[in-house]
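First the structure, in the form of structure tokens, and then the observations on it.
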DNA sequence: ATGCCCTCGCAACGAGGA
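Numbering (the UniProt record's numbering), first residue to last: 1 to 257.
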């Protein structure tokens, strides 16, 4: 079973890229972020024609998350994180697929920091961490995957000194990520590539892709029960080089039965 | 210190992204 995450940066503008990648990579489960489409503008027909069932939580212009599953429909278990009834941003969706609980998330960017957007990021992160702790008590195979907007360590940044004051790399955010993982989650990309520079994002600016000036901000965290079955993890980097590419590349894990 | 590039939108001297 292959579980992937892909920040598409606009699902309708990016549909050809998404469909091509689905056909080539054949992931079983896909978490999408940044749909940038309202609920009624999700391209359900094209996704179904590609062989995937889907659930999604759209939002006009920004955010938006979806879970796709090949040959079956995801069974939705949650829409939105608990803890803030007033939060209207579409950033969390959860479903069961073939015996694995999938949490698909798009953590806030948080720039500029400090400021209200950074406060919202930390508050959202705290709610995610609280919910993740509850999930672990079930002792089930669980994957928490998506765009976390955090580079966990200096190995995850092409030039760490340039990012020290950025909301994606500030100490508070790295600490929050560390505390989440310390609950017992396995950072699968790092586990399979302990010393390597593995990036999932390259800015559109400054020829970042051409210079390999990347960041690792998309993560696949596995519960202990699921981590036992981890067979491989990697990034489909070449997708970033396609025409009309997203600024993120898909990242994935392979899980054995 | 800022723009660079890119998306969505109902058109902007824009917002947000990371």
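Every residue, glycine too, gets a C-beta built ideally from N, C-alpha and C.
Own chain, CB closer than 6 Å to residue 80, minus 5 neighbours either side, in chain order: On the first chain, residue 80 is found 80 positions in, with the first residue counted as 1. So the list reads 92, once near-sequence residues are dropped.
Those residues which DSSP pairs with residue 4 across a bridge: Mapped onto the first chain, residue 4 falls at position 4. Answer by DSSP bridge pairing, in chain order: 30 and 252.
Residue span of the alpha helix (DSSP H) that contains residue 126, given as start and end: Indexing the first chain from 1 puts residue 126 at position 126. Note, residue 126: alpha helix (DSSP H), 116-137.
Environment of residue 77 [buried if 16+ CB atoms lie within 10 Å]: To locate residue 77, count along the first chain from 1; it is residue 77. Exposed is the call here.
Presumed contact (8 Å Cβ cut-off) between residue 55 and residue 220, rounded CB distance: As a first step, residue 55 must be located in the first chain, where it is residue number 55. As a first step, residue 220 must be located in the first chain, where it is residue number 220. 19 Å between Cβ atoms; not a contact.
For residue 184, the nearest candidate out of 194, 142 and 170 (CA to CA): Here the question's residue 184 lines up with position 184 in the first chain. For residue 184, the nearest C-alpha among the options comes from 142.
Residue 213 versus residue 113: straight-line alpha-carbon distance, rounded: Residue numbering aside, residue 213 sits at position 213 when the first chain is read from its first letter. Residue numbering aside, residue 113 sits at position 113 when the first chain is read from its first letter. Going from the Cα of residue 213 to the Cα of residue 113 covers about 22 Å.
Pairwise C-alpha distance: residue 105 and residue 121: For the purposes of this step, residue 121 is identified with residue 121 of the first chain, where counting begins at 1. For the purposes of this step, residue 105 is identified with residue 105 of the first chain, where counting begins at 1. Cα to Cα, the separation comes out at about 13 Å.
Cβ shell of residue 138 (< 6 Å), same chain only, five flanking positions each side left out: Here residue 138 corresponds to residue number 138 of the first chain, with the count starting at 1. Same-chain partners within the cutoff: there are none.
Helix, strand or coil at residue 177 according to DSSP, with G and I counted as helix: Position 177 of the first chain, counted from the first residue, corresponds to residue 177. Residue 177: helix per DSSP, three-state reduction.
Simplified DSSP assignment, three categories, for residue 81: Start at 1 with the first residue of the first chain, and residue 81 comes out as number 81. Here residue 81 sits in coil by DSSP.
Top-ranked residue by Cα proximity to residue 233, from 130, 193 and 64: Counting from 1 along the first chain, the entry for residue 233 is found at position 233. Ranking 130, 193 and 64 by Cα distance to residue 233 puts 193 first.
Entirely enclosed alpha helix (DSSP H) segments - the segment 197-251, minimum 4 residues: 208-211 and 224-227
Reference residue 58; option with closest CA among 24, 250 and 67: For the purposes of this step, residue 58 is taken as residue 58 along the first chain, with counting starting at 1. Per the Cα distances, 67.
Beta-carbon proximity of residue 222 to residue 253, cut-off 8 Å: Here the question's residue 222 lines up with position 222 in the first chain. Here the question's residue 253 lines up with position 253 in the first chain. Going by C-beta atoms, residue 222 is nearer than 8 Å to residue 253.
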